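J.: One structure, as structure tokens, below. Some questions next.
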Ligand SMILES: C[S@@+](CC[C@H](N)C(=O)[O-])C[C@H]1O[C@@H](n2cnc3c(N)ncnc32)[C@H](O)[C@@H]1O
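Residue numbers (the working numbering): 95 to 606.
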């Protein structure tokens, strides 16, 4: 890669267009009445925000910094002979911000657009554009982000800005990834020092970046909480909804959550699960081909049907393609840890196939496969083998539930990015499907989902919806209880949870 593009990447170098910077200044004045004494742009680049702030805030002193000398020169040349502006070359991570801040008085506005690069990308680039390790310690919130191994540089910078304002009045207004804004909001909520505001921006149009991004504003206050007002656009004058913490969870729409809060709780009978995990799709996933199958290595194989199940992947479930299948999957066990030797007797061709592809299965790196029977898979139990399922992809950005019955006489299984409930009978599945695809259910789930997450729909969120409460809402509790009384639930093992699952189950119940 050319040095220029490496530098652009490692310094997160995407200069803000002037009209966007001007809009940000307009929002700060129009919606938040901000009139700062001092403005700091810590990574000012060519100085777009400095010029926008200079035009918009007529009485503020403005300090700009950037690591790139050429940009500093350009920024200075565009705004020369101006007393109230100072732009200098500085590396954010090596600057003595305490000293700079101690010289400033009055209301401080920190404005700009920090680099949108992550520590792991910098690792790939072998770049040193990172905070020094020693700086990680003793800073509020910093441990939490650096401890996870990968973190956004802008999140690190934002948390520094938060520290600067802990004992003074001011505001932070930065363009950043939406996910970064949410993480910082969660971190600062314990300080009770800030109120947050989020205005989505179109990162594709402004920066050519395919990521959910926003103008994130934090304003100091004496009675802050985790609530963050979300606006529809930079032109809005009133928030569209509020993100906040309720009942121990960060919810994406407080008003909607409060409307349906009574639906929270958990059922013992219906527990959302994730699909099968095998980490070896080349061998375990097969395409039906003539009278046998073709595996991911392009080999044609003939196997007994005993251990073969129709497979629906996230892309099938997310797109509502659940009445036919393109692939099947080899499931070697009925429950986690079950001995696999029996395959040899029941299905000798399958056993031979597994032995011949042992090297692929043995190479699986995850520690879950260690000390387990050979060819083990995970995410299986009695629930996997029930005939009827309600499934939803965790990856897709919509609430599309699928009612899935057996295909070609066999129960359907899913990959591990799909969440599902399972049932013995079609009528029970249809009853629950009707409840789950109702407006109250959708609104309750929607109030908790953050659609910009990589995997927005998690089993954890789905488990917060009580189907029993939903049945009450529709006046069909008796029917619900009819199913709840049928012995199949316990007999078939639907309720047999691992200790870890029981723990999370009870913890969630306790906090809700
Ligand atoms: C996304 S650009 C934004 C520039 C400017 N704030 C704007 O809005 O147009 C990020 C800027 O951060 C600067 N930068 C990156 N790493 C830095 C560091 N360690 N210290 C200071 N500036 C840095 C880059 O040179 C680049 O100009």
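Heads up, the beta-carbon is just placed ideally off N, CA and C, and yes, glycines get one too.
Values in this document were obtained by computation on a predicted structure and should not be read as measured data.
1. If the criterion is Cβ atoms closer than 8 Å, does the pair residue 295 and residue 328 meet it?
2. Is residue 138 close to ligand 1? I mean its beta-carbon at under 7 Å from any heavy atom of the ligand.
3. Which residue comes first and which comes last in the alpha helix (DSSP H) that contains residue 436?
4. Rounding to the nearest angstrom, what Cα-Cα distance links residue 100 and residue 219 in this structure?
5. Could you name the residues of the same chain whose beta carbon sits closer than 7 Å to that of residue 140, not counting the 5 residues immediately before and after it, in chain order?
6. I believe residue 430 touches residue 475 by the beta-carbon criterion, under 8 Å. Please report the beta-carbon distance rounded to the nearest angstrom.
7. How is the alpha helix (DSSP H) around residue 272 delimited, first residue to last?
8. From what residue to what residue does the alpha helix (DSSP H) around residue 145 run?
9. Extract the residue ranges of the alpha helix (DSSP H) inside the stretch 392-417, only unbroken runs of 4 or more that lie entirely within it.
10. For a test of the three-state rule: what should DSSP assign to residue 369, helix, strand or coil?
11. Does the Cβ of residue 109 lie closer than 7 Å to at least one heavy atom of ligand 1?
12. Can you check which of these residues, 342, 551, 501 and 375, is closest to residue 490 by C-alpha distance?
13. From the DSSP output, in three-state form, read off residue 113 for me.
14. Assign residue 459 to one of two classes, buried (16 or more other C-beta atoms within 10 Å of its C-beta) or exposed (fewer than that).
15. Can you find a heavy atom of ligand 1 that lies under 7 Å from the Cβ of residue 469?
16. Going by C-alpha distance, which of 278, 363, 357 and 338 is nearest residue 536?
17. Report the residue from 471, 457 and 404 whose alpha carbon sits nearest the alpha carbon of residue 503.
18. Assuming residue 207 and residue 143 make a contact with CB atoms under 8 Å, what is their CB distance in whole Å?
19. Which word fits residue 199, buried or exposed, when buried means at least 16 other C-beta atoms lie within 10 angstroms of its C-beta?
20. Which term fits residue 149, buried or exposed, when burial requires 16 or more other beta carbons within 10 angstroms of its beta carbon?
21. Using a threshold of 8 Å, state whether the C-beta atoms of residue 249 and residue 277 are closer than that.
22. Taking only three categories from DSSP, how would you classify residue 518?
23. With a threshold of 7 Å, establish whether the CB of residue 185 neighbours any heavy atom of ligand 1.
24. Taking DSSP's pairing of strands, which residues face residue 309 in a bridge?
25. Out of 189, 154 and 106, which has the shortest C-alpha to C-alpha gap to residue 212?
26. Between 204, 181, 137 and 162, which lies nearest to residue 119 when the distance is taken from Cα to Cα?
27. On a Cα-Cα basis, can you pick out the residue from 452, 152, 215 and 488 that is closest to residue 467?
28. Residues in its own chain within less than 6 Å of residue 353 by CB, not counting five upstream and five downstream?
29. Roughly how far, in whole angstroms, is the beta-carbon of residue 146 from the beta-carbon of residue 367, given that I think they are within contact range, below 8 Å?
30. Would a C-beta distance cut-off of 8 Å place residue 423 and residue 378 closer than the cut-off?
31. Could you please give me the residues that DSSP links to residue 380 through a beta bridge?
32. DSSP beta-bridge partners for residue 508?
33. Does the beta carbon of residue 159 fall short of 7 Å from some heavy atom of ligand 1?
34. So is residue 255 buried or exposed if we call it buried at 16+ other beta carbons inside 10 Å?
35. Residue 157 lies in the beta strand (DSSP E); which residues open and close that run?
36. Taking only heavy atoms of ligand 1 into account, decide whether any of them is closer than 7 Å to the Cβ of residue 210.
T.: Checking against the coordinates, here is how it stands:
1. Between residue 295 and residue 328, the C-beta gap is smaller than 8 Å, which places the two residues in contact.
2. Checking the Cβ of residue 138 against ligand 1 gives yes.
3. Going by DSSP, residue 436 is part of the alpha helix (DSSP H) stretching over 436-440.
4. Roughly 7 Å separates the two Cα atoms.
5. Once the five neighbours on either side are set aside, the close Cβ partners of residue 140 are 109, 165, 168 and 169.
6. About 7 Å; that satisfies the 8 Å criterion.
7. Here the alpha helix (DSSP H) through residue 272 covers 272-282.
8. Counting along the chain, residue 145 sits inside the alpha helix (DSSP H) bounded by residues 142-150.
9. Complete alpha helix (DSSP H) runs here, min 4: 408-412.
10. Three-state DSSP puts residue 369 in coil, outside helix and strand.
11. Yes, ligand 1 has a heavy atom inside 7 Å of this Cβ.
12. The shortest Cα separation from residue 490 among 342, 551, 501 and 375 belongs to 551.
13. Assigned with DSSP and collapsed to three states, residue 113 falls in helix.
14. The Cβ neighbour count for residue 459, taken over all protein chains shown within 10 Å, is under 16; the residue is labelled exposed.
15. For residue 469, the shortest separation between its Cβ and any heavy atom of ligand 1 does not lie below 7 Å.
16. For residue 536, the nearest C-alpha among the options comes from 357.
17. For residue 503, the closest of 471, 457 and 404 by C-alpha to C-alpha distance is 404.
18. The distance from the Cβ of residue 207 to that of residue 143 is about 7 Å, consistent with a contact at the 8 Å cut-off.
19. Residue 199 should be labelled exposed.
20. When all chains shown are included, residue 149 counts as exposed.
21. Between residue 249 and residue 277, the CB-CB gap stays under 8 Å.
22. Per DSSP, reduced to three states, the secondary structure at residue 518 is coil, with no helix or strand assignment.
23. For ligand 1, at least one heavy atom lies less than 7 Å from the Cβ of residue 185.
24. 269 and 293.
25. Distances from the CA of residue 212 to each of 189, 154 and 106 were compared; the closest alpha carbon is that of 106.
26. Looking at the Cα atoms, 204 is the closest of the given residues.
27. Here the closest residue by C-alpha is 452.
28. None.
29. So it is not a contact: roughly 51 Å between Cβ atoms.
30. Taking 8 Å as the Cβ cut-off, residue 423 and residue 378 qualify as a contacting pair.
31. DSSP lists 389 and 422 as partners of residue 380.
32. In the DSSP assignment, residue 508 forms a beta bridge with 406.
33. Residue 159 has its CB nearer than 7 Å to a heavy atom of ligand 1.
34. Answer is buried; the Cβ neighbour count reaches 16.
35. Counted as a single uninterrupted DSSP element, the beta strand (DSSP E) harbouring residue 157 occupies residues 155-160.
36. Annotation for residue 210 indicates a beta carbon within 7 Å of some heavy atom of ligand 1.
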